[in-house]
Amino acid sequence: MTYDLIFNVLGLVVVGAPAALMVVMGLTTLLGRPLNERMVGRAVQCAVTVGLVASVVMLAMMLLLGRHHVPIELSRWVELPPAGHGAATHGSESHAVAESATVSDEYHFHIQFVFDRLSVPFVILTFVLCGTIGAFANRYMHHEPGFNRFFTLYALFLLGMVVTSMAGTIETLFSGWEMVGLSSALLVAFYHERPAPVRNGLRVWIVYRISDAALLLASIVLHRIKHLGDFEAFLGSTHWPGGTSPLTSYEALLVGSLLLVAAAGKSALVPFSGWLPRAMEGPTPSSAVFYGALSVHLGAFLLLRFSPIIVLSPVVGGLTVAIGLVTAAFAAFAGRVQTDIKCALTFASLTQVGLIVAEIGMGWYYFALIHILGHGCLRTLQFLRAPSLLVDYRAMENAMGDRVQNASSFWMRLIPERLRTWLYRLALERGYLDALLSDLIVVPFIRVMTWCDTMERKWTAYLTVEPDRQTQRIQPPTSTYEESI
Amino acid sequence: MTDLHLPWLEMGILIPLLGGLLVGCLRDPLAARKWSLVACGMTLVCVVSAWQDFGILHATRADDPGHVLAKLIGREIFIIDELSAPLLPLVALLYFLVTIATMRTKVRRFSFSWMLFSEALLLATFSCSEPWLVIALLALGTVPPFFELRARKRCTRMYALYMLTSVGLMVLGQLLVTIEGETGGKPHALWAVIPILFGVLIRCGTLPFHTWTTDLFEKATFGTALLFLAPITGAYAAVRLVLPVAPDAALRIMGLMSLITAAYSAAMALVQRDGRRFFCFLLLSHSSMVLVGLEMLSLVGLTGALSLWLSVGISLGGFGITMRALEARRGRLGLVEFQGLYENTPALAVCFLLTGLACVGFPLTIGFVGTELLIDDAVKVYIYIGAAVVVASAMNGIAMVQAFFLLFTGTRHVSAISLKIGVRERFAVLTLAALVLLGGVFPQPGVVSRYNAAKQLTRERTALVGDPKQVPVPQVTPGKKAIKPVKPKATPVALAPAASTTGSVSIGH
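Protein sequences, first through last, are from chains W and H. Going by my numbering, the first residue of the first sequence is number -1, and it counts up by one from there. Going by my numbering, the first residue of the second sequence is number 96, and it counts up by one from there.
Right under this line is the structure:
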């Protein structure tokens, strides 16, 4: 048995384990025959353990054999040959089309996974944290009505994270990216009997769709420039992080800007930071693993993966640093006035993510990767301890024999009272970022489209002359948007 | 022309026609549903057999053996080719699933006999490539919804006005094209094609001629409106009537108007307060995307558009059937407040989400690859088209999830009767879910089939109007438009026996 075969098998197991979990959870849900809690727990444990062991063995083999880059080519998922070639053509008639075919008529969609210095640590982190959260959630969600729904979405998230981490082509990465987005939004709205989580879930989904659209455009532009979606085509054949992209600086500016928007949406960087505290409406285990540890770092991961493109354009590099630092400052500022532990931890997370993004902009890739790994683990621990914070405090105060003091600092006392109040309100309102986006984009958009809708209805009423229109009595749904923003 | 082994096409059209006559005589609505289901099932078997038979023959087009109609009329009318082969089963499947998922409470309001007539007409339309016949069948196809509106005592003025205008323009345009005659390998003049183009655009519900679609959804039964619009008959009219004869300028007009419609409808779907109007705009947005892809005329773009056509038919068909099932439980669906239906009908919620995600091109669903191909080619031609399609797709995604939240979340709806999904509905839902997922996980066969259809369309256009558009890869630079593709001179190409719209000889190997 050759090493390549072993690598292939291990690679398949790493991706196959979460995929199998997703199939089991999805099918049983679809057929209306959900597994019982014990079975779900075992399935999760099994999938995560198998995936983790395979990825650790893969890492060990790569270290032992000195391999820094192991591509696993699954298949050419979709393939359109140039006209006149391949089985898809029809005999003698094909030549006419072949004459007029251009190279651009060819299309490939590969499913390829890559094990390298970036993906292996990230996928191991994913399995470790998801395994921990899975075990925790199995007890935390015990007898919850949505137990099965939670773990179905958890399986989708795990699969999305693994696919995104291991992706060897931009289309594969995009597929995983979308799975993570959907599962996150639905988990934020997990407690769907209450309107607030649902509105927040919708809010998260809106930001994710903007992020997805940017990534899709970047992916398509790259595909058009190089006619391939493989990372090697536009990140260079040297392995991460030493790749040299063959793109021109203008192309790098376009693609880099789109990637930055995608990363900003996914990692809640300014100006999209508003959704992160809202995402805390979901169950604590999902908050911990998604917004504290993994999902929130996915934007940074994207920038790390495409670092050879970012480095080509000083403008994109500068923007990355600026957005990272602004996000860190904003999150540190807003985090000081939070009154519940999950929101405080969220802003603490965001501060670190901002710093990580700035590090990437400055070209400190390994440092950023280590920062992600350490921060993910620490924050998961803090989130999981969050429900027992009061118990911890009580234990601490009992040991001290006094209340924990929360006196203002020396620097705080230097700020005048009125300015302090203003700053407090500014922090409490999260820099009015949400209100700004709402006033500038959402409200005008709704007004314009509602006006169009009214005009259409008037035109229809003019032509039909039918007073008893059943839908006229329903009020417009503007509250949904405005309240969600 | 190659013959099928059995007259599947004629049987597929005749069965619903006879079924419609039989069901029209029945007074018991439950019996009507039962016999309609039998007729729809037999039709589905026939057209699936025609599709498989056609696949076995490896022909570019085929017709029924015996040539009964050809002997009667003098020429072959119903054919199956690369384009129509999977569309026929799609149409039959939609009719079958709508019939099977019609609840007992709705059987009195839904006319099964008109439904079967419209199925026969739609299958005949999709089996026909002769322009005049396509126009005639399209015109006949507008009749069943008209009579249903009359039977429901709803105002037919808007529907009749738009449909008459559409048919009139198509007739006028085809007359002008016929008068202009052979153009010697060049496209027809713009003035001759414009009436057909606008006739087709009205039928597609392209902005600003789309208000009849929302009107139909509001006034007709959900099933009728769904079956009238979900197969995207307008796109078929565009392929058969416009694509073979239109100059590039006409196609650009079609593409631009469709692009605006796709974005506008997606935005409108976001602010709708009525479930039916929301669905209608979602449908318009996606059918317009298909038209955008048809305009691009490159193989990848056409393949994307044709793949999207199939995926939209399946996914939005399923989405519509789910909404119809919800309507049967709750009455007209308002999208104003949370309805809390998840706990009552979790299976419908899953199907709603799954089909909705498929229609917005979510990975591993049937719509993903079609959307990717379409956007990929759109970016190649003009980056703004790609961006507009992406934006429209993003808005559709937001609208879909918003509707999901409004319908299924919120305080649990308490009902005196069980709202659980029935066996028939579960069958429909699971069938669609399986198609959505299987088509998403194994997209290659479907894409290759659509690729071959795209090549056939390219060949047909080449045969009639010269060399298809050559689209070089533009250099995309920020701040600049993509370089406009240079249009080559139309040069006659020596073709192998080409498939033509006049039903002339084309032999597969």
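No residue lacks a Cβ here, since even glycine has one placed at the ideal position from N, Cα and C. Note that the coordinates shown come from a computational prediction; the quantities given were computed from them, not determined experimentally.
Can you tell me the Cβ-Cβ gap for residue i and residue j, rounded? I've got them flagged as a contact below 8 Å.
{"i": "W:Leu295", "j": "W:Gly374", "result": "Inspection of the sequence shows that residue 295 of chain W is occupied by His rather than by Leu. Sure, about 6 Å apart at Cβ, within 8 Å."}
{"i": "H:Ser353", "j": "H:Leu386", "result": "4 Å"}
{"i": "H:Leu99", "j": "H:Asp176", "result": "Between H:Asp176 and H:Leu99 the Cβ distance is about 12 Å, and since that is not below 8 Å, they are no contact."}
{"i": "H:Pro339", "j": "H:Leu559", "result": "5 Å"}
{"i": "H:Ser360", "j": "H:Phe376", "result": "4 Å"}
{"i": "W:Ser73", "j": "W:Val12", "result": "That belief does not hold up - the Cβ atoms of W:Ser73 and W:Val12 are roughly 17 Å apart, past 8 Å."}
{"i": "H:Lys475", "j": "W:Arg222", "result": "6 Å"}
{"i": "W:Leu28", "j": "H:Val445", "result": "6 Å"}
{"i": "W:Ile131", "j": "W:Ala286", "result": "6 Å"}
{"i": "H:Ile172", "j": "H:Leu244", "result": "Their Cβ separation, rounded to whole angstroms, is 29 Å, which puts H:Ile172 and H:Leu244 out of contact at 8 Å."}
{"i": "H:Ala423", "j": "H:Met198", "result": "4 Å"}
{"i": "H:Phe373", "j": "H:Ala362", "result": "That pair is no contact at about 12 Å."}
{"i": "W:Thr162", "j": "W:Val178", "result": "6 Å"}
{"i": "W:Gly502", "j": "W:Ala332", "result": "Since the first and last residues shown for chain W are -1 and 483, residue 502 of chain W lies out of range."}
{"i": "H:Met96", "j": "H:Ala180", "result": "Wrong, their Cβ atoms sit about 14 Å apart, outside the cutoff."}
Under 8 Å: does the beta carbon of residue i sit that close to some heavy atom of the ligand COA?
{"i": "W:Val7", "result": "This structure does not include the ligand COA; it has no bound ligands of any sort."}
In the DSSP assignment, what are the bridge partners of residue i?
{"i": "W:His140", "result": "Beta-bridge pairing links W:His140 to no other residue."}
{"i": "W:Ser163", "result": "W:Ser163 is not bridged to any residue."}
{"i": "H:Cys223", "result": "H:Phe173"}
{"i": "H:Tyr437", "result": "For H:Tyr437, which the question treats as bridged, DSSP gives no partner whatsoever."}
{"i": "W:Glu71", "result": "W:Gln110"}
{"i": "H:Arg156", "result": "H:Asp176"}
{"i": "W:Glu77", "result": "W:His106"}
{"i": "H:Gly429", "result": "H:Asp369"}
{"i": "H:Thr97", "result": "H:Ala157"}
{"i": "W:Asp228", "result": "W:Thr167"}
Please say whether residue j and residue i have beta carbons closer to each other than 9 Å?
{"i": "H:Leu139", "j": "H:Leu188", "result": "yes"}
{"i": "W:Asp273", "j": "W:Val196", "result": "Just to set this straight, residue 273 of chain W is Trp in the shown sequence, not Asp. In this structure, W:Val196 does not lie closer than 9 Å to W:Trp273 by Cβ."}
{"i": "H:Ala341", "j": "H:Leu292", "result": "yes"}
{"i": "W:Ala211", "j": "H:Val485", "result": "yes"}
{"i": "W:Ala153", "j": "W:Pro16", "result": "yes"}
{"i": "W:Glu142", "j": "W:Pro281", "result": "yes"}
{"i": "W:Leu185", "j": "W:Leu157", "result": "no"}
{"i": "H:Met265", "j": "H:Leu336", "result": "yes"}
{"i": "H:Ala196", "j": "H:Ala523", "result": "yes"}
{"i": "W:Ala266", "j": "W:Gly322", "result": "no"}
{"i": "H:Gly329", "j": "H:Trp209", "result": "no"}
{"i": "H:Leu405", "j": "H:Val193", "result": "no"}
{"i": "H:Thr316", "j": "H:Arg247", "result": "yes"}
{"i": "H:Met391", "j": "H:Asp472", "result": "yes"}
In terms of alpha-carbon separation, which member of the options lies closest to residue i?
{"i": "H:Leu104", "options": "H:Gly161, H:Ile327, H:Leu322 and H:Gly388", "result": "H:Gly161"}
{"i": "W:Trp362", "options": "W:Gly240, W:Arg416 and W:Cys341", "result": "W:Gly240"}
{"i": "W:Cys128", "options": "W:Pro143, W:Ile168 and W:Leu50", "result": "W:Leu50"}
{"i": "H:Thr200", "options": "H:Ile480, H:Ala420, H:Thr440 and H:Pro441", "result": "H:Ala420"}
{"i": "H:Thr220", "options": "H:Ser208, H:Thr237, H:Thr316 and H:Arg204", "result": "H:Thr237"}
{"i": "H:Phe207", "options": "H:Lys129, H:Gly169, H:Arg249 and H:Met253", "result": "H:Lys129"}
{"i": "H:Thr356", "options": "H:Ile493, H:Ile480, H:Thr309 and H:Ser380", "result": "H:Ser380"}
{"i": "W:Ser347", "options": "W:Leu317, W:Leu426 and W:Gln380", "result": "W:Gln380"}
{"i": "W:Leu171", "options": "W:Gly64, W:Leu435, W:Leu3 and W:Ser117", "result": "W:Ser117"}
{"i": "W:Ile204", "options": "W:Ser255, W:Ile439 and W:Ile370", "result": "W:Ile439"}
{"i": "W:Leu257", "options": "W:Phe145, W:Trp75, W:Leu310 and W:Leu214", "result": "W:Leu214"}
{"i": "H:Cys223", "options": "H:Ser544, H:Gly318, H:Leu164 and H:Leu101", "result": "H:Leu164"}
When Cβ atoms are compared, which residues of the stretch 214 to 229 of chain W fall closer than 7 Å to chain H?
Leu214, Leu215, Ile218, Val219, His221, Arg222 and Ile223
Listed in chain order, which residues of the stretch 481 to 494 of chain H have Cβ atoms closer than 9 Å to some Cβ of chain W?
Gly481, Ala482, Val485, Val486, Ser488, Ala489, Met490, Gly492 and Ile493
Mind checking the stretch 423 to 451 of chain W against chain H and listing, in chain order, the residues whose C-beta falls within less than 7 Å of any C-beta there?
Ile444, Met447, Thr448, Cys450 and Asp451
Along the stretch 360 to 391 of chain H, what residues have a CB closer than 8 Å to any CB found in chain W?
Ala362, Met363, Leu365, Val366, Gln367, Arg368, Asp369, Arg371 and Arg372
Residues in the stretch 304 to 324 of chain H with C-beta within 9 Å of chain W's C-beta atoms, listed in sequence order?
His305, Thr306, Trp307, Thr309, Asp310, Glu313 and Lys314
In chain order, what residues of the stretch 235 to 259 of chain H put their CB closer than 8 Å to some CB of chain W?
Arg249, Cys250, Arg252, Met253 and Leu256
Can you list, in chain order, the residues of the stretch 504 to 520 of chain H whose Cβ is nearer than 9 Å to any Cβ on chain W?
Thr504, Gly505, Thr506, Arg507 and Ile516
Listed in chain order, which residues of the stretch 392 to 415 of chain H have Cβ atoms closer than 8 Å to some Cβ of chain W?
Ser393, Leu394, Val395 and Thr398
Can you list, in chain order, the residues of the stretch 30 to 62 of chain W whose Cβ is nearer than 8 Å to any Cβ on chain H?
Gly30
Under 8 Å (Cβ pairs) to chain W, residues found in the stretch 539 to 563 of chain H
Gln539, Val542, Val543, Tyr546, Asn547, Lys550, Thr553, Arg554, Thr557, Asp562 and Pro563
Taking a cut of 9 Å between CB atoms, which residues from the stretch 417 to 438 of chain H lie near chain W?
Arg427, Gly429, Leu430, Val431, Glu432, Phe433, Gly435, Tyr437 and Glu438
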